[in-house]
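In our numbering, the protein residues as written are 2 to 140.
These notes concern the structure reproduced below.
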Amino acid sequence: MRSRPVSTPNQTRHLSVCVGQDARKACAFLSRPENFPQWASGLAESLQKIGGEWVAQTPEGPAKVRFSEPNDLGVLDHWVALQSGVEIYVPLRIIANGSGCELVLTIFRRPGATDEQFAADADWVMRDLQAAKKLLEKL
């Protein structure tokens, strides 16, 4: 029996904010792709449905964005397919926490990214999570 080569997992960071909003209400809002540009600055002003697919403009050109199917589990994952063929997986969860919720996003360190680049990615995501928190708490 041949064994598969084992790949080393990418370094990750789990980033979260506590949100003063019911998890179901937060999930209903954040699960709609139309709402992503209101808080996800990487997709801001550029996410639109074209020919049945969600497309965002990136510095590398148009990127197709897929979203997880609506569900009651708080799973709001999305995938960004760049023109280079690279697909970026973005796990996003809403976890009930008392009368509020936790919004948790995992980032994966890109191959070849420096410590500074990985830290900058985390900072960017935290700004987006804070923007989501502000929106959700106004609902």
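By construction, the Cβ of each residue, glycine as well, lies at the ideal position given by its N, Cα and C atoms.
The structure presented is a predicted model; accordingly, all values stated were derived computationally and were not measured.
{"Check": "Between Ala114 and Val81, which are expected to be in contact by the criterion C-beta below 8 Å, what is the C-beta distance as a whole number of angstroms?", "Outcome": "Rounded, the Cβ-Cβ distance is 16 Å, inconsistent with contact."}
{"Check": "Might you give, ordered along the chain, the residues of its own chain that have their beta carbon closer than 6 Å to the beta carbon of Phe37, omitting 5 neighbours on each side?", "Outcome": "Leu44 and Leu48"}
{"Check": "Counting C-beta neighbours from all protein chains within 10 Å, is the total for Ala157 16 or more, i.e. buried, or is it exposed?", "Outcome": "The structure shown does not extend to residue 157, since the chain spans only 2 to 140, so no value can be given for it."}
{"Check": "Do Leu136 and Gln12 have their beta-carbon atoms positioned less than 9 Å apart in this structure?", "Outcome": "no"}
{"Check": "Confirm, please, whether the CB-CB distance from Cys19 to Gly101 is below 9 Å.", "Outcome": "yes"}
{"Check": "Using only the alpha-carbon positions, how far apart do Thr9 and Arg110 sit?", "Outcome": "12 Å"}
{"Check": "Ala57 lies in the beta strand (DSSP E); which residues open and close that run?", "Outcome": "Glu54 to Thr59"}
{"Check": "Under 9 Å, do Ser42 and Ala132 count as touching if we go by C-beta distance?", "Outcome": "yes"}
{"Check": "Within 10 angstroms of the Cβ of Asp73, are there 16 or more other Cβ atoms? Answer buried if so, exposed if not.", "Outcome": "exposed"}
{"Check": "In angstroms, rounded to a whole number, what distance separates the CA positions of Gly52 and Val66?", "Outcome": "13 Å"}
{"Check": "With DSSP run on the structure shown, which of helix, strand or coil describes Pro63?", "Outcome": "strand"}
{"Check": "Only counting the same chain, and skipping five residues up and downstream in sequence, which positions put a Cβ closer than 8 Å to that of Trp55?", "Outcome": "Pro34, Leu48, Gln49, Lys65, Val66, Arg67 and Phe68"}
{"Check": "Please work out which residues of its chain come closer than 7 Å, Cβ to Cβ, to Val126, disregarding the five sequence neighbours upstream and downstream, and give them in chain order.", "Outcome": "Leu16, Leu106 and Ile108"}
{"Check": "If we ignore side chains and look at the alpha-carbon of each, how far apart do Lys141 and Tyr90 end up?", "Outcome": "Look at the range of the chain in this structure, 2 to 140, and you will see that residue 141 is not part of it."}
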